[in-house]
Amino acid sequence: MFKAKEEIGALLEPLVALEASRISELLEVPPDPEFGDLAFPCYVLASRRQQAPASIAASLSQVLSGRRGVFWEKAVPKGPYLNFFIDPLSFGREVLRQVLSRRADYGRSSRGRGQTVVIDYSSPNIAKPFGIGHIRSTVIGHALYLIFEALGYRCIGINHLGDWGTQFGKLIVSFKRWGDEERLSEDPVNYLYQLYVKFHQRSETDPALEDEARLWFKKLEEGEAEAVAAWSRFRRLSLENYAGIYDLLGIKFDYFHGESHYNDLLDDTIRLALSKGIARESEGALIVDLEKYGLPPVMLRKKDGATLYITRDLAAAIYRYETFGFAKALYVVGAEQKLHFQQLFKILELLGFEWAHSCVHVPFGLIRFKEGRMSTRDGNIIFLQEVLQRSINLAREIIEDKNPDLADKSAAALAVGLGAVRFGDLSNDRIKDVEFDWDKVLDFSGETAAYIQYAHARICSILRKAAGADLAWEEGLADLLQQEEEKALIKALAVLPEKVEAAAEGYRPSVIARYLVEVAREFNRFYHQCPVLSSDSALQKARLLLIDAARQVLVNGLGLLGIAAPAEM
RNA sequence: GCGCCUGUAGCUCAGGGGAUAGAGCAGCGGACUUCUAAUCCGUUAGCCGGGGGUUCGAAUCCUCCCAGGCGCACCA
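The first sequence begins at 73 in the working numbering and counts up one residue at a time.
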């Protein structure tokens, strides 16, 4: 509601002894449009004025009676609320003018100019297949990247590949014992995955395998030739496989700095911890005691001298700050690692880095089966590749059925199929666990990406049919849009900028996803009530401008989620 | 044992101090000679997990309990 809120804030400031910005924040949308468009709750003034909220609302309305502003036309008390009615004419003009003049920039701002946000996302463990579990970090992180970028921040996307650690020892042991060159070259990632599962099956009865794996990882850290050669081969094969998925999803990273990237910095990091006096020897290992802060101790170096995940994360954080000078560093990593990040940030703080407070763990819930957790080790995971493919295939079938004459069915199927999977991960609050259910993934009706894309395609269809129509902006045309459905749609279009801000504020792409469903819903209502092409010329033009603005909002919003908007589907 | 997260309609979830708690799915009933029916309209459905508390006002904040999930030194 941009300008309207500001206007009312400034209007009330001298009357209620609150700051204008505070008043703008307090303004809420009434539950029923009949009540008005923006409501000021008078409870907040009751105790100070020693007056009942309802009588405050009444007296404020007295003061304002007969007055009107640019964007509001009247203020009516209703119980404890002072309800403002927005002037649909000036508001409609302003909203359409904004959207249609700013176009692809509508919803964007320069608020973050000059500041850098480093975003750590996707970060799969090499040598494991890209499972459905990895999609959350990938898709949420990518959306946050796009959202912060839209607010003018310089974003650095880092894929912190899990390409180092004891699991490589396990893989090397497995391959040396049971490996088969031929099978490895046929289907590398799948085969490595099978070896990984086999290792865990065997190690249950043969604990010596674990020791052997640790030994091989130690060799790897020491740069022993055979270990390094095997590691580098496994890493390369995995990366080649991931590249296909990132390509399909259109996901880019500025850096593929995996854990191994920080190997040369580990000694310095450990030295720093020692020199600051926060690390000490315990049972042969090097640990940091965090008991004072209510956290369990952290191990930086094992008794065999090998490092751990958190050691590399420490080195990575310092490297990132020194390299990029971030204002914020986001870690889009599962909620189960919350403790890890609390420990990581606390150690950074103890090392004296004031920027430790700019590090944020952006957690998300687990994807699980009805029966329980997905586990790479147990070999019960669902491959992302399969999910994407099935979704695309189903989209294709539906298109064949509903729109058999469509020229480029593949492109539309890709947009709808991938959009569905993406949206499924973005539309709910990220902290919630999600139960994996094929029926749900493959459902394209209701609150889904397809719903939004469909609204967009309908608009494009109308605009195509109106090709040649004069769509030059004329201020007065907006005045013709007085039907309830038209006004509701305009109101929905008005709030994209504040939704983008809110999404960034809470690191919650779901804010935008839900908002787009609302916009699409308002458009669909409009569509059923308000004919465009068959209206007379002035109204037709006004409605064409309105739906063009709606199209722009849908495209911009979907764009922030990394979801394509096909013109036909 | 300790810590963190979640609990809202039959199912999946919005809403995170303010007006009678909202959507989608499923169910039931309607709307395609008319801009794509992947749509729209109507309708059924709720001690907002439970008890206490703070507040003019609590689904929302505090506290205790219950249920589910996730963590807690040689994995990542």
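C-beta atoms are modelled at their ideal positions from N, C-alpha and C, and glycine is treated no differently.
Quick caveat: nothing in here was measured; it's all calculated off a predicted structure.
Q: Report yes or no: do three or more beta-carbon pairs, one from the stretch 182-193 and one from the stretch 391-406, lie closer than 8 Å?
A: yes
Q. Would DSSP call residue 357 helix, strand or coil?
A. strand
Q | Separation of residue 314 from residue 205, as counted between CA atoms | A | 14 Å
Q) For the alpha helix (DSSP H) that residue 316 lies in, which residues bound it at each end? A) 297-321
Q) When the Cα atoms are used, what is the spatial distance from residue 237 to residue 289? A) 7 Å
Q) Nearest CA to the CA of residue 107: which residue from 156, 121 and 142? A) 156
Q | Simplified DSSP state of residue 329, which is helix, strand or coil | A | coil
Q) With distances taken between CB atoms, is the gap from residue 582 to residue 490 smaller than 8 Å? A) no
**Q.** Sequence-distant residues of the same chain with beta carbon closer than 8 Å to residue 585, five excluded per side
**A.** Within the same chain, Cβ atoms closer than 8 Å to the Cβ of residue 585 are found at 495, 498, 499 and 633, the five residues on either side in sequence being excluded.
Q.
Tell me the rounded alpha-carbon separation between residue 722 and residue 610.
A. This structure does not reach residue 722, given that the chain is present from 73 up to 641, and the question cannot be answered.
Q) So is residue 473 buried or exposed if we call it buried at 16+ other beta carbons inside 10 Å? A) exposed
Q. If residue 370 and residue 419 are in contact, beta carbons under 8 Å, what's the gap, nearest whole angstrom?
A. 6 Å
(Q) Given a cut-off of 8 Å on the beta-carbon distance, is the pair residue 588 and residue 629 in contact? (A) A contact, by the Cβ cut-off of 8 Å.
Q: Determine which residues share a DSSP beta bridge with residue 192 and list them.
A: 230 and 403
Q. Can you list, in chain order, the stretches of the beta strand (DSSP E) that have 3 or more residues and sit fully within the stretch 532-583?
A. none
Q: Could you have a look at residue 151 and say whether DSSP puts it in helix, strand or coil?
A: coil
Q. Excluding sequence positions up to five away, which residues of its chain have a Cβ less than 6 Å from the Cβ of residue 291?
A. 299
(Q) Helix, strand or coil for residue 202? Go by DSSP, reduced to three states. (A) coil
Q.
Once the 5 residues before and after residue 434 are set aside, which same chain residues still bring their CB inside 6 Å of it?
A. Only 402, 404 and 579 meet the Cβ criterion.
Q.
By the three-class DSSP mapping on this structure, what secondary structure does residue 379 have?
A. For residue 379, the three-state secondary structure derived from DSSP is strand.
**Q.** Segment limits, alpha helix (DSSP H) that includes residue 494
**A.** In the DSSP assignment, residue 494 falls within the alpha helix (DSSP H) that extends over 481-498.
Q | Spatially closest choice to residue 394 from 426, 407, 422 and 380, by CA coordinates | A | 426
(Q) Taking the alpha carbon of residue 179 as the reference point, which residue from 223, 210, 188 and 193 has its own alpha carbon closest? (A) 223
Q: Classify residue 112 as helix, strand or coil using the three-state DSSP reduction.
A: strand
Q. Going by beta carbon distance, what residues of the same chain come within less than 6 Å of residue 502, once the five residues before and after it are set aside?
A. 212 and 436
(Q) Could you tell me the alpha carbon to alpha carbon distance between residue 112 and residue 159, rounded to whole angstroms? (A) 17 Å
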